[in-house]
Structures are given as C-alpha cells and as structure tokens.
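The listed protein sequences derive, respectively, from chains A and U. For the first sequence, our numbering begins at 1 and goes up steadily by one. For the second sequence, our numbering begins at 1 and goes up steadily by one. In this text, a Cβ means the ideal position worked out from N, Cα and C, and glycines have one as well. Computed from a predicted structure; not experimentally measured. Here is the structure we will look at.
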Amino acid sequence: MFEYVMFWSAVAGYSAAVLLVVAGLVFKKEWAATWSWRLSWVAFALHSASIAARWYTSGRLPYVQEYENVLMGTWVVTALYLLVGSAWQNLKVTGVGVLPFVLLSLGVSTTMSTAVAPVTAPYRSIWLGVHVTFAWFTYAAYTICAALGFLEIMKGRKDSARYTWLEKVPAPEVLRERTMRFVGYGFLVNGVMIASGAIWAYDLWGSYWQWDPVETWSLLTWLAFGLYLHAWFTLGWRDTRLAWIAIGALFGVLMTFWGVQFLPSSYHLFRDLGATMQMQSGMPR
Amino acid sequence: MIARLASPKLAAALIGVLLAACVVAFVVPQQSHSALSLYQQWSQANPDLARVAHAVGFDDVFSSPLFLVALALLAVNLIACTSLRVARYANRTIVVPSGPPASAVRVDGVSAEEAHRIMRARMPLWSITRVDEGDDSLIFADRRTAGFLGSLVLHLGILLVIVGGAVSGVTRFDGRMVLTEGETLSDVRGSYMGTPSEPRLGDAYGDFWVRLDSLRFDYEAGQITQAHAQMTFADDSQTAVRQGVVNGPARWQGKSFLLVKGGHAAALRITDAGGNSIVPDSVYRLGNAVEGGYEDTVELPDGRVLAVRSTADAADPAAAKTEPLALRDPAVTLSLEQGSVASETVRPGQTVSLDGVAVTLGDVRLWNEFAVRQDRGIPVTYTAFAIILIGTVIRVWFGKAVARCLVQRDGSVSSVFVWSGDQYVTDRIVGMLARVPETTETI
Numbered sequence: 001m002f003e004y005v006m007f008w009s010a011v012a013g014y015s016a017a018v019l020l021v022v023a024g025l026v027f028k029k030e031w032a033a034t035w036s037w038r039l040s041w042v043a044f045a046l047h048s049a050s051i052a053a054r055w056y057t058s059g060r061l062p063y064v065q066e067y068e069n070v071l072m073g074t075w076v077v078t079a080l081y082l083l084v085g086s087a088w089q090n091l092k093v094t095g096v097g098v099l100p101f102v103l104l105s106l107g108v109s110t111t112m113s114t115a116v117a118p119v120t121a122p123y124r125s126i127w128l129g130v131h132v133t134f135a136w137f138t139y140a141a142y143t144i145c146a147a148l149g150f151l152e153i154m155k156g157r158k159d160s161a162r163y164t165w166l167e168k169v170p171a172p173e174v175l176r177e178r179t180m181r182f183v184g185y186g187f188l189v190n191g192v193m194i195a196s197g198a199i200w201a202y203d204l205w206g207s208y209w210q211w212d213p214v215e216t217w218s219l220l221t222w223l224a225f226g227l228y229l230h231a232w233f234t235l236g237w238r239d240t241r242l243a244w245i246a247i248g249a250l251f252g253v254l255m256t257f258w259g260v261q262f263l264p265s266s267y268h269l270f271r272d273l274g275a276t277m278q279m280q281s282g283m284p285r
Numbered sequence: 001m002i003a004r005l006a007s008p009k010l011a012a013a014l015i016g017v018l019l020a021a022c023v024v025a026f027v028v029p030q031q032s033h034s035a036l037s038l039y040q041q042w043s044q045a046n047p048d049l050a051r052v053a054h055a056v057g058f059d060d061v062f063s064s065p066l067f068l069v070a071l072a073l074l075a076v077n078l079i080a081c082t083s084l085r086v087a088r089y090a091n092r093t094i095v096v097p098s099g100p101p102a103s104a105v106r107v108d109g110v111s112a113e114e115a116h117r118i119m120r121a122r123m124p125l126w127s128i129t130r131v132d133e134g135d136d137s138l139i140f141a142d143r144r145t146a147g148f149l150g151s152l153v154l155h156l157g158i159l160l161v162i163v164g165g166a167v168s169g170v171t172r173f174d175g176r177m178v179l180t181e182g183e184t185l186s187d188v189r190g191s192y193m194g195t196p197s198e199p200r201l202g203d204a205y206g207d208f209w210v211r212l213d214s215l216r217f218d219y220e221a222g223q224i225t226q227a228h229a230q231m232t233f234a235d236d237s238q239t240a241v242r243q244g245v246v247n248g249p250a251r252w253q254g255k256s257f258l259l260v261k262g263g264h265a266a267a268l269r270i271t272d273a274g275g276n277s278i279v280p281d282s283v284y285r286l287g288n289a290v291e292g293g294y295e296d297t298v299e300l301p302d303g304r305v306l307a308v309r310s311t312a313d314a315a316d317p318a319a320a321k322t323e324p325l326a327l328r329d330p331a332v333t334l335s336l337e338q339g340s341v342a343s344e345t346v347r348p349g350q351t352v353s354l355d356g357v358a359v360t361l362g363d364v365r366l367w368n369e370f371a372v373r374q375d376r377g378i379p380v381t382y383t384a385f386a387i388i389l390i391g392t393v394i395r396v397w398f399g400k401a402v403a404r405c406l407v408q409r410d411g412s413v414s415s416v417f418v419w420s421g422d423q424y425v426t427d428r429i430v431g432m433l434a435r436v437p438e439t440t441e442t443i
C-alpha cells in the first residue's frame, strides 16, 4: 500500500513538473520553471520511496519484472537529470525532454503486472545485475544526450532570439561539447551492458550473441553513438548534424526497450525472459 | 588501392549492408535462434511468408554469403584505414606559420625557451615540439598521441570481435543431451539427441563420459527459482564432480552443460504372471507434461500398450500441480489398455498386476535435457570487448587536441600567440604562460 501511494504521488509530482516546465517555456514564466525543478526533486524523493518500499517488500533490488525495470530505469534517468541540472544551472531546461520521457515510461509501466514475483532461475545471475544496472545508466545518458541535442538545435536556429526560454541555455558549442561527454559516457556503459549481457546469455542460452531483435537494436544503438564519436573525433564534425544523431539514436533506445516488447519474434523479451528454462515441457521423442 | 580499400564511403556502404541485414533479422525470426525454436513457431503461424523468406534467404541472413563478405570487407577496410592513419601520423610535418590567426590569444614577455620549458613541465601527456625559423618559433603541443593510441586500440578490438566471431563460427559445437539421474553417457555423437552445429575445425567430441548424479529443483510461489545438477565427468586421467545451475552450467573439457528442461522418469520391471521379464528392465523417461506430472507409454511385445503417468506428490495433488519437479511422494499410475482400461497407482517398491502383467516400480527420478555448447571463440570475443572499452576510454578521455604557440620576437620583447581548436586548451596554456594577467589580450 505504501509503495502504491508513493508511486502514484511520484507520478502526480512528475505530471505537475512536466506541466510547469512546459508552461514556463511557452508562457515565459520563470517561476513555473523554478517550481518544476523543485517538484522534480519532490517527485524523485517519492519515486525513491516507492523503490525502497518495493525493495523491502520483495527482499531484493527491484530489477526482475518489466514494471520494476521501468521503475528503476526512470529513477536513474531522473537522478542524472537532477545531477546535470544541479551542476549546470542553465541545463535545467533539459527537463522539457527528460521529464515527459520519465512520466510516459512510468505511465506505460502501470499497464504491466506490478505484483511482486519470485526471482526465477534465469534471473539469478550477477551478470544480469551488471547488465541491467548498466542498461539503466546507458538509457539515462542517452536521454540526456537527446535533450541536449534538442536544445542545441533550438539554440542554433537563426530565429532563436524569439524564444526567450532559450536565453539562459548555453551556446550551441557548449551544449555540443557536453553532449559529446555524455555520448562518450553512454557509449562506454552501453559497451559494458552489451558485454555483460553477452556473458550472461552464454551461461543461460549457450550463445553470447544470437542476433535477437533486442540484441540487434542494442548493437545498432551502440553503433549510432559510435558514429557520433567517430564524427566528432575523426571527421571533426562540429555542427547540428551531431545533435540530430543524438536525437535519432534515442529511437534505438526506445526500440530496444519498448519496441521489441510488441514483437512475437524475440526470445529475449522481458515479459518472458528465460522461457527456455520452463522445466515443464516434455521431452522431444 | 589501399586508399580505395580505406575509403569511408566503402565503410559506410558496408555498414549499410550490415544494418540492412540487422533490420531484416529484426522483422524475420532467424533459424539461428536455437534457444526457443522461434523460427518454427513463426513459420508455422505464417507459412506463406516463411516460404518467401526462406527462398530469398531472409530467415538466415547472418550466415548468408552477402553478410559474411560484407563483414570480411569491413575488416579489410578497417585494417587499411588504420594503416593509412598510422602512416600519415608518422610522416606529419610541423610548419611554422607566417602569422597567428585572429582567434589567437597573446601573452607578452615570454620567450620561446621559457614557453617551451613551462609547457613541457606542465603538460605531461602532451607531445611538445619546438621548431625555430628565423626570429620566430613555433611550439607545437599535440595530445593526439594518446587519443590516436586509443583509436588504434579501439579498432584493434573491433577487428578482434570479427576474428572471435569467425573462430566461433568454425569451432562452435551445439548439441542436445538428455540424462536421467544415475545415467552415464560418453561424449560421442550417438549420445546426443541432435547436434545442430559441429565444429569445422577441431574435434567435436572429447574422450570423456558424464553422469548425472542428482537433480533438484527449488520452487517459490509455483515457479522454479533454481535447478541444481550434480554431474560427474571423467576422462583417462581424472574424475571430477561438477555442480551446474541455471546461469552456471557445469563445464568439462570446454563443453558447457546448460540446463534446459526436465521431467520424470520411472524405473519399471515388467514381468508376466510367472515373474519372467517380458521387456528388459529399464528407466522410462516420461516425455509428455500433464497436470501435476508426466506421462508416456510402453509398448509390450504382445502389442498392448502400458500407459505410465507420474505424479511428484501422490499425497498432495495440489502441490504436485504447482511443483511438478519436486519429488516428495512420487508415484505412478499404470493403465493397460485392452478393451477396457485397468488402472492402478503404485509407489516405489510396489508391484501391481494388470491383466496378466506385473509391473514393479523401482523409483521415480528426474531427467533433464542439457544444451551442450562449446565455443572456442569466446576468449577472443571477450578480450576484444575489453580492448574496445579500454580503447574508447583512452579515445574519449584523451581526445584529440592540438595547440600552437607562435613566439615572435621584436627586438628584446617576445610575444606568444596561443591558439587551438579548443577554447579550454587555449585558456589553460595562456594561464600557464601569463605571469601578469593584464599582459594578455585577444587579437
């Protein structure tokens, strides 16, 4: 019950924060943006409490079910957003991209089973823990990248002076440099995520790579951000093309986490992960 | 020729081909998915689509010649590109420019010798080179070495991943072995139910045998939370006991025995009314899962069929239903079909007579199907991934940065003009060189 109350209070907090950050931008109200930031902290605290409650109830870190993955993943995304906003005050406006993403993800998670379930055999692996943890940080970094890319594009427009909400946003080159840092960070943790997932898969399915849709989209996303780094370091790109790559690559993240869940063709689905270990079927004759 | 092979356009085209293959594989289940037979499920549900996909090779794109050729060409492209970059880097020349650019920051009162000394002392990760030309000097600060090294390491890692994949492709073993508790099998082809993949290089089978000593399943809320298999392996020189669990297979001679699925087996002795065995005593694996247990049939010499249905817990059918592999009070129900069906339930050690046939149940035990895998490319691939990550860290951390300091002398006064592509680097060098902040100005 406590978890339920905390979860919905957090959703209410994020909803208000989204409304205020958008209102702050559209109606050029500074107070709305300020309150959005404060409410984000409140919602984050409630979000943390709901995770703590679930951890207490289940006796383990919530990482097993799809609902739990969203709960933890959005928590990491929000934490990174709050960290970025605290470190660079003028980047609080990235909330206009990050907060709706968090809110929508939490909204989708409510359509899934929220009952606490035991940790089934396939999930009992330290490598899965590493894999999932790094996935959360990867998606958080890439979400921030996309938000920074969006700001860079807006700030770089010729008519950007029309948008008063962009006044406090740093110059495009500063945003670009920070995006590159987050892409570098995301690329690294994404690499660890893929590697640890491969190790786990080898022990569970006997193959470290199966070209499964989840794996394939994960690889494509990694390559897209690799392209970003290649364009920055080797080709010397320093323009909005990089921002478009950062935004476009977020599509890969969404496909990896959400898109493939609607496909019938993956053995890697979170909804029935480890289905090979049913231990109920008969023996082929 | 090398320049053509190293062309970024060729790389882009090849990556495009690989991406297209990935997209196809995303839409069409691949036959290479050995874990869940997804392809079979999909092809049964969409037979027409499956026929078309098979005809054009879309159901196995990652083994198609086009994909493998593109992958090989990409490896060649990477090697050529890296070689060219190494050559260019080694042959680069540093030229003293005629004047500083407009973005340069000027610091007065610092000689070339002093600037060179300060930069060498305070920029340890940089390569600092001084070139004199007439009255002017250029101090060239280059942090490309570390970044370049990172890039090389990164590309080496990517090449190694391709090598690892190739090694996996030619050395991979994939077989299915079913073992009942107490059963021993040798590692030969005949012991496997099927071997979808055998190595094209190296031996497929080892000179060893394996026995499943025991099997146990843990349940929580009706779900299997862990399976434990104790196995004994032996070859000419040694015998060893290994424990295997889901996510932690037992391993021997490079082969991993992964727990896949299980069921019941019944040790039966079937005799006629005189006590003579009418079929050899055997442990029968019951292959069909039914509510609360497993069932199968045994054909008798006279053509009659003995149906055997097991339960994990005869005293508590509800428990047997939720935890069918936890053998608490195992029993089997035997039915002999001959016009009417006679049926009796027996526990281990008990004998039942069914229309002239006596059946003794020795015990009920568990069987398990193991996915047996061997992949000699694994160490290469894992090492390659570690190298990629290390290369990325070096590349991102020590990103390419070049700074130039043009020192111009006007009589006894010398001025340093500092510029680079990175404002942070420029500011840092200016900060080092500027003894008095007021002496700096942007020109």
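For this session: Leaving out five residues on either side along the sequence, give the residues of the same chain with a beta carbon under 6 Å from the beta carbon of V188/U.
Result: Correct list, in chain order: Y205.
Exercise. Does the beta-carbon of K92/A have 16 or more other beta-carbons within 10 angstroms, so that it is buried, or is it exposed?
Worked result: Of the residues assessed, K92/A falls on the buried side of the cut-off, its CB having 16 or more other CB atoms within 10 angstroms.
For this session: For E181/U, decide whether its Cβ has a neighbour in chain A, counting only Cβ atoms nearer than 7 Å.
Result: False, the Cβ-Cβ gap to chain A never drops below 7 Å.
Exercise. For D316/U, does the three-state DSSP call read helix, strand or coil?
Worked result: If DSSP states are grouped into helix, strand and coil, D316/U belongs with coil.
Problem set entry | Contact list for T225/U against chain A, beta-carbon separation under 8 Å | Near T225/U (Cβ distances below 8 Å), the residues of chain A are P118, V119, T120, A121, R124.
Problem set entry | 7 Å Cβ cutoff, G220/A in contact with chain U | The amino acid at residue 220/A is misidentified as Gly; the sequence shows Leu. It does: the Cβ of L220/A has a partner Cβ on chain U nearer than 7 Å.
Problem set entry | Host alpha helix (DSSP H) of P213/A (start-end) | Element bounds for P213/A: 213-233.
Exercise. Since T129/U contacts I79/U with CB under 8 Å, what's their CB separation in whole angstroms?
Worked result: The distance from the Cβ of T129/U to that of I79/U is about 29 Å, inconsistent with a contact at the 8 Å cut-off.
Exercise. So with Cβ pairs under 7 Å, would you call C22/U a contact of chain A?
Worked result: So, interface residue.
Exercise. In terms of residue numbering, what span does the beta strand (DSSP E) encompassing A240/U cover?
Worked result: First-last of the beta strand (DSSP E) with A240/U: 239-245.
Exercise. From the beta carbon of F58/U, is the nearest beta carbon of chain A less than 7 Å away?
Worked result: False, the Cβ-Cβ gap to chain A never drops below 7 Å.
Exercise. Does the distance from the C-beta atom of A227/U to that of P118/A stay below 7 Å?
Worked result: No.
Problem set entry | Short Cβ contact (7 Å threshold) for I144/A with T240/A | Note that the C-beta distance between I144/A and T240/A is not below 7 Å.
Problem set entry | Burial state of W397/U, where buried means 16 or more other Cβ atoms lie within 10 Å | Exposed, since its Cβ has fewer than 16 Cβ neighbours within 10 Å.
For this session: Determine the closest residue to A25/U out of Y39/U, V352/U, A72/U, G202/U, with distance taken between C-alpha atoms.
Result: The candidate whose alpha carbon is nearest that of A25/U is Y39/U.
Exercise. Taking 7 Å as the CB-CB limit, is T138/A close to chain U?
Worked result: False, the Cβ-Cβ gap to chain U never drops below 7 Å.
For this session: Give the interface partners of I446/U over in chain A, defined as CB-CB distance under 8 Å, in chain order.
Result: Outside the shown range of chain U (1 to 443) lies residue 446/U, about which nothing can therefore be said.
For this session: Measure from the C-beta of W8/A to each C-beta in chain U and report whether the shortest distance is under 7 Å.
Result: The beta carbon of W8/A sits no closer than 7 Å to any beta carbon of chain U.
Exercise. For the region 170-177 of chain U against the region 188-197 of chain U, are there 3 or more C-beta pairs whose distance is under 8 Å?
Worked result: The region 170-177 of chain U is in contact with the region 188-197 of chain U.
Exercise. What are the start and end residues of each continuous beta strand (DSSP E) run of 3 or more residues lying completely inside the region 110-164 of chain A, in chain order?
Worked result: As far as the region 110-164 of chain A is concerned, it has no whole beta strand (DSSP E) run of at least 3 residues.
Exercise. Straight-line CA distance for S113/A to V163/U?
Worked result: Roughly 43 Å separates the two Cα atoms.
For this session: Could you tell me whether the region 6-20 of chain A touches the region 45-56 of chain A, using the rule of 3 or more Cβ pairs below 8 Å?
Result: The region 6-20 of chain A makes contact with the region 45-56 of chain A, as at least three CB pairs between them are under 8 Å.
Problem set entry | Separation of T138/A from A16/A, as counted between CA atoms | If you take the alpha carbons of A16/A and T138/A, they lie about 26 Å apart.
For this session: Compute the Euclidean distance between the alpha carbons of S34/U and E181/U, then round it to the nearest angstrom.
Result: With a pLDDT of only 47 at S34/U, under the threshold of 50, the placement of this residue in the model should not be trusted; the figure read from the coordinates follows. For the pair S34/U and E181/U, the Cα-to-Cα distance works out to about 25 Å.
Problem set entry | Contact list for V192/A against chain U, beta-carbon separation under 8 Å | Correct list: L389.
For this session: Go to I128/U, then tell me how far its beta strand (DSSP E) extends in each direction, as first and last residue.
Result: Its beta strand (DSSP E) spans residues 127-133.
For this session: Starting from P213/A, find everything on chain U with Cβ-Cβ shorter than 7 Å and list it in chain order.
Result: Result: F26.
Exercise. Is the CB of G289/A under 7 Å away from at least one CB in chain U?
Worked result: What the structure shows of chain A is the stretch from 1 to 285, and residue 289/A is not part of that stretch, so it cannot be assessed.
Problem set entry | Whole-number beta carbon distance between T297/U and V308/U, since they are thought to touch under 8 Å | Between V308/U and T297/U the beta-carbon gap is near 7 Å, inside 8 Å, which marks them as a contact.
Exercise. Using the beta-carbon count (16 or more within 10 Å), is G298/A buried or exposed?
Worked result: A question about residue 298/A goes unanswered here, because the residues of chain A that appear run from 1 up to 285.
For this session: Please work out which residues of its chain come closer than 6 Å, Cβ to Cβ, to A403/U, disregarding the five sequence neighbours upstream and downstream, and give them in chain order.
Result: So the qualifying residues of the chain are A141, S420, V425, I429.
Exercise. Quick one: which chain U residues come within Cβ less than 9 Å of W217/A?
Worked result: Residues of chain U passing the Cβ test: C22, F26.
Problem set entry | Separation of V241/U from W252/U, as counted between CA atoms | Rounded to whole angstroms, the separation of the alpha carbons of V241/U and W252/U is 10 Å.
For this session: Let me know the secondary structure DSSP gives A204/U once reduced to three states.
Result: Taken through DSSP and simplified to helix, strand or coil, A204/U comes out as coil.
For this session: Report yes if the CB atom of V359/U is closer than 7 Å to the CB atom of I270/U, and no otherwise.
Result: In this structure, I270/U lies closer than 7 Å to V359/U by Cβ.
Exercise. Using Cβ-Cβ distances below 7 Å, what residues of the region 234-248 of chain U are close to chain A?
Worked result: Within the region 234-248 of chain U, the residues whose Cβ lies closer than 7 Å to some Cβ of chain A are V246, N247, G248, listed in chain order.
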